[in-house]
Structures are given as C-alpha cells and as structure tokens.
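A short worksheet on the structure shown next.
Protein chains: 2
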Amino acid sequence: MNDRFLRACRRQPVDRAPLWIMRQAGRYLPEYRELRARVDFLTLCRTPELAVEASLQPLQRFDLDASIIFSDILLPLEALGCELTFDPAPKIARPLKTVADIAALTPRPLAEVVPYVGESIALLRRELAGRVPVIGFCGAPFTLASYMVEGGGSKSFILIKRLMFEQPKLAHVLFEKLTRTLIPYLEMQVDAGARIVQIFDSWGGELSPHDFETFSLPYLQRMVSALKAKGVPVIVFGTAMSTHLPLLRRTGADVLGVDWRIEIDQARALAGPDVALQGNLDPLALFLPRAELEARVGDILRRAGPVGHIFNLGHGILPPTDPEAAKHLVEAVHRLGCHVTAPASP
Amino acid sequence: MNDRFLRACRRQPVDRAPLWIMRQAGRYLPEYRELRARVDFLTLCRTPELAVEASLQPLQRFDLDASIIFSDILLPLEALGCELTFDPAPKIARPLKTVADIAALTPRPLAEVVPYVGESIALLRRELAGRVPVIGFCGAPFTLASYMVEGGGSKSFILIKRLMFEQPKLAHVLFEKLTRTLIPYLEMQVDAGARIVQIFDSWGGELSPHDFETFSLPYLQRMVSALKAKGVPVIVFGTAMSTHLPLLRRTGADVLGVDWRIEIDQARALAGPDVALQGNLDPLALFLPRAELEARVGDILRRAGPVGHIFNLGHGILPPTDPEAAKHLVEAVHRLGCHVTAPASP
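Chains as they are written, first to last, in the working numbering: chain A, 1 to 346; chain B, 1001 to 1346.
This is the structure we're talking about:
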C-alpha cells in the first residue's frame, strides 16, 4: 500500500510529496468524455461500475497517490428531498424559500437514497488492490445550503446570506439538518473503504470571518470530530478563504486546502505548524510552457517544506487542459518533491 | 468644502470617518430605476445631465462624503475600438483572440471617444458646489483585459490567463496599450474636477501573488504614480485580494480597498501603517436587523482606528437592498465614527 498520502496528512516523514489532482477524473481526459458520451452525468455517478471506471481513468495514465471516488457534492441532498439536474451546471428544482420548505426537509436513510456511493467506494477499493488510498468526500453545510437556497451557483450569495442575516435561527436549522445528513454520509464512505475524507466548503470564502465562525465553523468542527473518531484524516478545502486559515485550523482538520491566491509559506504562517496543507498550484499553470510549470512546482514544494504537504492544484483541473500537461505536472512533483534525505525525526 | 475624505486618504486627523458606498448611484434607489426606465444604461452614461442626475441621487438622500461620477469601467475601451453592450451584464462584441486583434487596437483620442466623462465630472462638480469631492475612476489593465479577452464576465478566467501564460509578451502588449489609454483617461477626469481617483482591479484577486506581481502590479504602479503627480489621492480596489495586500502597498496608492473576507485590523497588519484603508462591510450586512448592522459598523470602526480609514462596503451595494438600510448605515457611521477627541498629533 502506498501510504505516502496518509503519512503526509499526519505530518510524518515521506520519501516525496504525495500528489493528487482535484477533478482528476474529468472532462480533460478524452476517455472520460467518451464515457460521458454514452451516459449522462447522474447515471455515471449512480452506477458503481461506471463511477469506478471514471475514478480509475487518471490512475491508468498518471502515477498519482490517491484515487477520489467519482461523485458530486450535491448527491446526498437527494436524501433531504432535493431534486437535482446538471446541464452541465447544477440546478436544484425547487430552491428553499420558506420556513415550511426548511421544516419539510426530512432526512431519509442514506442507504436507501445513495447506496451507490458506498458500493462504488467498495468496488474502487477492490480494484485498486492497495495501490493507493481512496478519498471520500462531501460538501460543507454552508456550501450545500447555498445551492439549496440559491437554486444553483451564485455571484453574490444574496439568498443564502439573507436567510442567515434575516432568519439566523432558521439558517441554523438548515445547517443542522445538513450536518446530521453529512456525518453519516461520510461515515458510510469510510465504512465502505475510504481512507481519507475531504469536505468541500467551496463557498466558505464568501463569508466574513465573523460569519464563517458563526455559520460554517461549528458544523465543520462537528463533522471533522466525528470523522476523526472513525480513524481517517480529514481535509477541509475551500477557495478564496486563505484569510480564514486561523479559523480553519480550529476545525481540527488534519489537512487544510490552500488555493493559489496566497504563497503556501504564508498560508503556513496563518495556519500554524500543527496541520498539513494541500495545494496550491493555479489550475491555469498547466497552460504554461513545461519549464515554467516545473519552476512553479519547485517553488511550491520549497515553500511548503518536506513535512505535512500534499501537492495539488488550488482548485479543479479545467476541461480544456491538455492531459500531457497533467503528465508533466506529475513527473515534476515526482522529481522535485523527492526528499532524498528524509527528515531526521518525525 | 467637506475635505474629510481627502484628509483620511492622507492619514490626517478627521472629526469622523468619511463614508461613501460603492455603487451608491444605482438600482437599489427607486429614483434611479425610474431614470433607467426612461433611458438605457449606455445613454445614461453618455449624457452628462443624466449621469449627473444619477450621481446626485444618493447625495439627496444621504449625508455622504463623496460623489462618484456615474459611469462604467468598460467605457474607455471604446477608445481602443471595443464595442460594448449591457444586457444587463457587460458584453464585448468581438473578444480579442489573436495577435492581430491585439495589434489592431489603436488608441483613439479620448476627447473624441469619451468626451462625456469629462463633461459629466465638470457638471457634477458645479452642481455639488463644494459640498463633497468628486471621485473619478477606471478599471485596472488586468481587469479590463479580462473583459476584452473573455468577452464578458468569467468564472475561471481561462482565456485571459492562457494569454498571459502562453503568450506573455502579447499579454504585456495589451496591458501596455490599456495603461497608455487609462492614464490620460484618469488625468482627463482630474482636469475636469475629480479630486480623488479609484482604480478597480476587480479581478486581480484571481491571480497568484507571482502573477499579480508580474501582470498587474507594474501597470498599477505606473498609473498611481502618474495620478499622484496630478496631486490627487489614488485608491486601488479589488475583491478577494487581501492576501495581495503586501504587494498592493507597493502600488504606491494612498488608499487600498479591503473586502469583508478579512478583519480590517488584519488587513492593516498586512498593508502596513503608511497607507489608508477603505472598507469593509459585507454589502449583505445591509439585510441585518438594524442593531446588528450597527454592531458591525462599530466593530469595523474600532478595528480600523481613527486615522486613515474611509468607511465603505467591501463591494457594491446590491439592487435588492432597502434604501432605508443604507440610511441606517450612514447614520451609524456618523454616530459611531465620530472621533470626539481628535488625535493629538497628525
């Protein structure tokens, strides 16, 4: 078993920086586009054999240190009665508008609604046969609530913030229901074989520090604590939220995701020494000439240091990216992330 | 003349924190919506009497410390041959795609293309009769180039970043042409009567520190330096760019805009003591109950301190905002931003 990723999450010495790529199973791969030409996105997510096929595609090309299960953060919302479509942007059929809408959200058993997620992870783990660990994931309550209230993506997050500011108790009811759905959802993924979990608070950076502390942090803390009790490292990720790093360390997460808007050594200064960091190459850097891409990889590795760093992009790889560039990235991390002399002590 | 704003820009003592509201002339005001029912957005911008009417509307309701000329950052792009439409999101008719497209951009005399901006400012200044200073503004080269290359707004800024990463020399040609257009554009606004200028690098926060330093900072430095030579304070504003504050201080700007994603005392620590700060209330805070809005205003004023702070939102006021909430904001800043005991020495 390649345990480089797990060791880095725990800030133990590693022979080289572990590496995975957010959205590594995705549209930049021709074999993924071929798969998608045959089935729609939701069918792909809901069919374990196909989800595993998509999850494995990048591993067949690149020597990555983890496999993330192919899925979407919005799927568990179906357990709360949400109807989803992807076209390709996600849409929620009836955005939450009233007290009654939120009161009516009654969590149904996950095993009935999203059984395929556990089945996919179990199958993926068998297929990987110990090659690399499986990452399970979910969205954070604030981020998922944003989709449920806005009905999809948003620019100014006006509806979810109005809910929080005008009816804070009701907002907390929604976050509470989500937390109670998401903890067993992640536990199910761990029981099925996920060795690491990542929580995407993709829009947490839209909040002021005060609002992040009030409306997102308490729920993240509970989720992290429940998952750590299951023995797996937890990664908390968001974008444009580096100014929240001092708050994010209070989540108790083993690893904090960092986007490219900050140098990773500055992120380290804000996060403190007792947490691992994941990141932080701009996904667009994959369009740089190879030598410059390598220089940026080297810079990140130097700034991050040899302990407690998982190399990744600062956000998902973009569909127009050339898979060859991803290959160069992987090779560069392998070569430049090598810690020839392992640190003397953990 | 109310010179509170100018004094705060220069970190001189003031009786209370000066205040304006980004997009204070805009759709949240019923009288603005009435004006827009009669004329389209571009006609409004291009007709000095109407632009001045819109600029003055918020001043008739609220005791603000500055008037910003009603206009749009994209208008000077017409001097480079761009065709603009607003529906209501801005669109560029033929986004730049090739070397030839960028080579073909030949700056035309601003006095021919956007004479109405200077006329509007001169008329606004006369109408204000010294009540408050006029703010002139423009976009930053990187931000305007994003619109020109993406053709409008963008999510991942893939086209402008590909230009920068794949053809950096060509990107610099574009930024250079923009800088040479924007400096005289701002100078024209100062000559017409603007007493302060604000440069909107709205999307600068999408760049890594390295890329911001390479592709935006040098042009901002030249613009700031040229405008300071005209004797006016310069504000540089962007969102999600607090991690760039140590770079932004190198622009030489008198004032740096701060959004709500960071506490303003933390922003002060990053920006250093020798620059004023503007901000930083979340525009959505205007939907809070009045007492909580006031608590947030008080918190920002305390964290910012009495010297070198201009109160503002961290981004533009949103159309669904109740004008009464804006009134409460203004009253709260007047009451809580009062420095009863002026600092002993400047």
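Think of the CB as a built atom: it goes at the ideal place given N, C-alpha and C, for glycine as much as any other residue. Owing to the predicted nature of the structure, the values given are computational and were not obtained by experimental measurement.
Below 8 Å, enough C-beta pairs join the region 76-95 of chain A and the region 108-118 of chain A to call them touching: three or more.
By the CB criterion at 8 Å, Ile1092(B) and Val1134(B) fall outside the cutoff.
Counting the other CB atoms within 10 Å of its CB gives Lys327(A) a total below 16, which places it among the exposed residues.
For Leu44(A), the closest alpha carbon among the candidates Val117(A), Lys161(A) and Ala226(A) is that of Val117(A).
The DSSP-derived three-state label of Ala100(A) is helix. In chain order, Asp1282, Leu1284 and Phe1287 make up the part of chain B whose C-beta sits under 8 Å from the C-beta of Lys161(A). In the structure shown, Ile68(A) adopts extended strand secondary structure according to DSSP, grouped into three states. Beyond the five residues adjoining it in sequence on each side, Leu1170(B) comes within less than 8 Å, by CB distance, of Val1099, Ile1102 and Leu1163 in the same chain, given in chain order.
For Asp282(A), the closest alpha carbon among the candidates Gly257(A), Glu150(A), Lys155(A) and Leu270(A) is that of Gly257(A). Arg61(A) and Arg10(A) have their alpha carbons spaced roughly 27 Å apart. Closer than 7 Å at the C-beta level to chain B, one finds these residues of the region 191-211 of chain A: Gly205, Ser208 and Pro209. Bounds of any beta strand (DSSP E) do not take in Gly298(A); it lies within the alpha helix (DSSP H) bounded by Arg290 to Ala304.
Sequence-distant Cβ neighbours of Ile183(A) in its own chain, meaning closer than 8 Å and more than five residues away, are Arg222, Met223, Ala226 and Leu227. Secondary structure in the region 1069-1150 of chain B: the beta strand (DSSP E) runs of 3 residues or longer, each lying completely within the stretch, are 1084-1086, 1090-1092 and 1134-1139 in chain order. Non-local C-beta neighbours of Asp72(A) in its own chain, meaning closer than 7 Å and more than five positions away in sequence, comprise Cys45, ordered along the chain.
When C-beta atoms of the region 1138-1154 of chain B are compared with those of the region 1165-1180 of chain B, three or more pairs fall below 8 Å, so the two segments count as touching. A Cβ of chain A is located within less than 8 Å of the beta carbon of Ile1262(B). Bounds of the alpha helix (DSSP H) holding Leu163(A) are Ile158 to Glu166.
When Cβ pairs closer than 8 Å are counted between the two stretches, the region 1122-1137 of chain B is seen not to touch the region 289-297 of chain A, the count staying below three. Spanning the alpha carbons of Tyr147(A) and Asp87(A) requires a straight line of approximately 15 Å.
Boundaries around Ala276(A) are those of the beta strand (DSSP E), Ala276 to Leu281, since no alpha helix (DSSP H) includes it. With contact defined as three or more Cβ pairs closer than 8 Å, the region 236-252 of chain A and the region 1300-1310 of chain B are not in contact. According to the DSSP assignment, Leu1313(B) belongs to the beta strand (DSSP E) that extends over His1309 to Leu1313. DSSP lists no beta-bridge partner residue for Ile1021(B).
Taken in chain order, the members of the region 164-179 of chain A whose beta-carbon sits within less than 7 Å of a beta-carbon on chain B are Phe165 and Glu166. For Leu1056(B), the uninterrupted alpha helix (DSSP H) run begins and ends at Pro1048 to Arg1061, by DSSP. For Val1236(B), no alpha helix (DSSP H) encloses it; the enclosing beta strand (DSSP E) starts and ends at Val1234 to Phe1237. About 6 Å separates the Cβ atoms of Gly1279(B) and Asn1312(B), confirming a contact at the 8 Å cut-off.
For Lys97(A), there are no CB contacts under 7 Å within the same chain when 5 residues up- and downstream are skipped. Boundaries cannot be given for Val258(A), as no alpha helix (DSSP H) includes it and DSSP labels it neither H nor E.
Under the Cβ criterion of 8 Å, Pro323(A) is not counted among the residues facing chain B.
Val1275(B) and Ala1145(B) have their C-alpha atoms roughly 27 Å apart. In the DSSP assignment, Phe200(A) falls within the beta strand (DSSP E) that extends over Ile196 to Phe200.
Arg27(A) sits in coil when the DSSP states are folded into three classes, being neither helix nor strand. In its chain, beyond the 5 residues on either side, Ser146, Glu150, Trp203 and Glu206 have a beta carbon closer than 8 Å to the beta carbon of Phe157(A). By DSSP's assignment, Arg1016(B) forms a beta bridge with Cys1338(B).
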